[in-house]
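Start counting the sequence shown at 396; every next residue gets the next number (the numbering used here).
Note that CB positions come from ideal geometry on N, CA and C, so glycine has one too.
Structure, as structure tokens:
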Amino acid sequence: MWTGILRGLSVSAFFAIVLFVLIPVHVPRPAFIPGFAPPPDMWPRTISIVGILLGLIVAVMAWTSRVARPVPDPEKQAAGGAGPAILLGRFAISLVAFAAFILLVPLIGFVLSAILLTAAAIVLAGERRRLVWAIVVAVILPICLSLFFNSALGTQFPKGQYLSLPGL
């Protein structure tokens, strides 16, 4: 029960940090926005609010014990499982990974920083069996995301001072 509550509150805390600290600092809001255009911080705020709500839903469901628990299979379970200390450690490492992402974007650009962040998220999620797929997803997903925003929506991501990928 406490693991689910901690997990939900951790997710909510992360998205609250993004909503109240990172978005106001890193997403500039122009002085004039036409009536038909949404502000540039609309989608980051929307995603952050949804993340906070989903984290709170997980915490409430764990508190009321409505979260489905899988039947333990001793053949598939690792010895000991992941306790609260390991989960808190992973949460701390994920915060460090996001802080590194924020610090690296101005230096090496969005694409390479997002590749490193995606790889760190996959490793922190515990995926070790499908290493080739993890590497492919960590590389292809940020590149496709950047291409989609650049070509379809006309949104440019930072290229970075030290290193930039031509055409991305």
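Handout entry: Short Cβ contact (8 Å threshold) for L404 with G446
Key = no
Practice task
Enumerate in chain order the residues of its own chain whose CB-to-CB distance from Q556 is below 7 Å, with the five nearest sequence positions on each side excluded.
Solution key: P501, L502
Problem - R485 (DSSP reduced to helix, strand or coil) - result: helix
Handout entry: I428 in three-state terms, based on DSSP
Key = coil
Handout entry: Contact under 8 Å by Cβ, L499 with S508
Key = yes
Exercise for the section: Compute the distance between the beta-carbons of P434 and I442, then report whether it is under 8 Å. Expected result: no
Exercise for the section: Find the nearest neighbour of I452 within the set I400, I535, A432, judged by alpha-carbon distance. Expected result: I400
Practice task
To the nearest angstrom, report how far apart L448 and F415 are at their CA atoms.
Solution key: 15 Å
Handout entry: Beta-carbon proximity of V534 to I510, cut-off 8 Å
Key = yes
Problem - Contact set for V413: own chain, Cβ-Cβ below 7 Å, skip 5 residues either direction - result: S443
Problem - For P433, three-class secondary structure by DSSP - result: coil
Handout entry: Buried versus exposed, by CB contacts within 10 Å (16 or more), S546
Key = exposed
Problem - Nearest-angstrom Cα separation, counted from I481 out to A520 - result: 12 Å
Exercise for the section: Work out the CA separation of R485 and M437 for me, nearest whole Å. Expected result: 29 Å
Practice task
Might you give, ordered along the chain, the residues of its own chain that have their beta carbon closer than 7 Å to the beta carbon of T550, omitting 5 neighbours on each side?
Solution key: F544
Handout entry: Spatial neighbours of I410 in its chain, beta-carbon cut-off 6 Å, leaving aside the 5 residues before and after
Key = Here residue 410 is Phe; the residue named in the question, Ile, does not match the sequence. Excluding positions up to five away in sequence, the list reads S443, G446, I447.
Handout entry: Residue burial classification, T459 (beta-carbon count within 10 angstroms, cutoff 16)
Key = exposed
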